[in-house]
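*Asks:* The structure is given below, and queries will be raised subsequently.
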Amino acid sequence: MTLDVAEFHEAVYSIVRQIPQGKVTTYGHVAKLIDMPSYSRHVGQALKYLSPEADPPVPWQRVVSSVGKISSRGPGTDGAQRQREALEAENVQVHVGRAFNEFLVDLRAYGWFPAPGTITFGAPQ
DNA sequence: CACGTGACATTCT
DNA sequence: CAGAATGCCACGT
């Protein structure tokens with residue numbers, strides 16, 4: 001299966017929209033769900049390029065790294081902080097790591113990892 | 001066209 | 001368990 005950039009982005013958004021409220025998943029797993037396991041970085045790219053006006057909205061805050069860490073997006077930016085608040089608003093416990101700007105989510109408690117193939121995503125299978 | 005860079009993952013020390 | 005080392009692939013410079 002070959003997905004061009006636009007299709008890839010659509011697939012990502014489609015899946016992220018299916019993450020249940022109060023749950024989180026990882027970049028890597030989203031990549032696996034669209035059958036492109038080595039494209040984890042591009043999942044992040046897709047979300048970064050995502051416009052805030054997306055309709056229906058894409059709950060990007062429900063995607064974290066494989067160790068449950070919220071990517072800081074560099075010092076001076078408030079992205080991580082906003083993501084943390086969005087998650088806490090859904091009753092997801094967010095722990096603070098060593099650095100005060102480092103936020104961690106317990107994947108054992110809030111992780112959402114459906115097996116590939118058990119869900120569908122816009123793009124043709 | 002070579003190189004560095006990422007909202008990353010996995011494996012090895 | 002924390003860090004370093006690799007692998008990865010689209011993009012901008």
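When you line the first sequence up against the UniProt record's numbering, it's residues 1 to 125, in that order. Cβ coordinates follow ideal geometry from the N, Cα and C atoms, glycine included.
1) Which residues share a DSSP beta bridge with residue 100?
2) Rounded to whole angstroms, what is the Cα-Cα separation between residue 117 and residue 33?
3) Short of 6 Å in beta carbon distance, which residues of its chain neighbour residue 110, apart from the five on each side in sequence? Order them along the chain.
4) Can you tell me the Cα-Cα spacing of residue 56 and residue 16, whole angstroms?
5) Just verifying my parser: in three-state terms, what is the DSSP assignment at residue 70?
6) At which residue ranges does the segment 28-83 contain complete alpha helix (DSSP H) runs of 4 or more residues, listed in the order of the chain?
7) Looking at the structure shown, is residue 15 part of a helix, part of a strand, or coil, going by DSSP?
8) Which whole-angstrom value describes the C-beta separation of residue 88 and residue 96, a residue pair presumed to lie in contact below a C-beta threshold of 8 Å?
*Replies:* Quick look at the numbers:
1) Looking at the DSSP assignment, residue 100 forms no beta bridge with any residue, so it has no partner.
2) 7 Å
3) 23, 24 and 92
4) 11 Å
5) strand
6) 40-49
7) Here DSSP, grouped into helix, strand and coil, assigns residue 15 to helix.
8) Not quite, the Cβ-Cβ distance comes to about 11 Å (not below 8 Å), so this is no contact.
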